[in-house]
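Chemist:
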Amino acid sequence: MKVEDITPREFDILHLLVQKSPDPLSRAEISKFVLGKEQSGESRAIDMHIAQIRKKLGPELAAKLLTIPGKGYLWGK
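Residues in the sequence shown are numbered consecutively from 1356, following the working numbering.
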């Protein structure tokens, strides 16, 4: 991954997850911190950003971006 491959919004999400690690963050929390508003329960915008981040990180780093069922996402060590 090259730094220029990641969008500013993706960087903000990744930075937030690393900063808050080891605590998981819900979609609503990520949306509030990064977008400045909570997303609706049906919105998958954060999920789409997470998928793009994983793709750009590659397999080794993407494995550290964990999905915690019922809780959200976290950056694992």
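Glycine included, C-beta positions come from ideal geometry on N, C-alpha and C.
For H1430, collect the residues of the same chain with a Cβ closer than 7 Å to its Cβ; drop the 5 residues on either side in sequence, then sort them by chain order.
Modeler: For the purposes of this step, residue 1430 is taken as the residue at position 75 of the sequence shown. One point to set straight first is that residue 1430 is Trp, not His, in the sequence displayed. Same-chain partners within the cutoff: L1372, V1373, S1376, K1419 and L1420.
Chemist: Could you round the C-beta distance between K1426 and S1381 to whole angstroms and report it? I think they count as a contact, below 8 Å.
Modeler: Numbered from its first residue, the sequence shown carries residue 1426 at position 71. Numbered from its first residue, the sequence shown carries residue 1381 at position 26. With 8 Å as the limit, K1426 and S1381 qualify as a contact, their Cβ atoms being about 7 Å apart.
Chemist: Do Y1428 and I1408 have their beta-carbon atoms positioned less than 7 Å apart in this structure?
Modeler: To locate residue 1408, count along the sequence shown from 1; it is residue 53. To locate residue 1428, count along the sequence shown from 1; it is residue 73. Result no, Cβ atoms of I1408 and Y1428 do not sit closer than 7 Å.
Chemist: Can you pull the DSSP bridge partners for G1427?
Modeler: Position 72 of the sequence shown, counting from 1, holds the residue named residue 1427. DSSP, once it has assigned bridges, lists I1423 as partnering G1427.
Chemist: Select from D1378, L1390 and A1383 the residue whose C-alpha is nearest the C-alpha of E1509.
Modeler: As shown, the chain starts at 1356 and ends at 1432. That puts residue 1509 outside it, with no answer to give.
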